[in-house]
Amino acid sequence: MTRIEVDRDRCEGHGLCEQTAPEIYQLDHEGELDLLFEDVPAQLRGKAEAGARVCPVAALRIQS
Ligand code: SF4
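Numbering (my numbering), first residue to last: -12 to 51.
In C-alpha cells form, the structure reads like this:
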C-alpha cells in the first residue's frame, strides 16, 4: 500500500504538487495541503511520485 507522508513544518503551500497531481493533492482555502487519499491506489502511484518530485521544499515522501 502506498502512503504519502507530508512534512507540515516544511510545506509552504506553493501548490506545485496540486498543479501536478490534483487528483491527490489539494490546498484548502488557507493554503494547507489536503491529501485526497490515505492509501494511494496503485494506478495513482506515479502521479503521487510526480507531485512529490516537484515540491520545491521536499515536503512530500512516498512510502510503500
Ligand atoms: S509543493 Fe510542497 S510546499 Fe507546495 S503545497 Fe505541495 S507539499 Fe507543500
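Positions of the beta carbon are idealized from the N, C-alpha and C atoms, including for glycine.
Taken in chain order, the complete alpha helix (DSSP H) segments of 4 or more residues contained in the stretch 3 to 43 are 3 to 7, 32 to 41. In the three-state scheme derived from DSSP, where H, G and I count as helix and E and B as strand, Glu(-8) is classed as strand. Rounded to the nearest whole angstrom, the C-alpha separation of Thr7 and Gly38 is 5 Å.
Each residue's CA atom was taken as its position, placing Leu31 and Cys4 some 14 Å apart. In the three-state scheme derived from DSSP, where H, G and I count as helix and E and B as strand, Arg48 is classed as strand.
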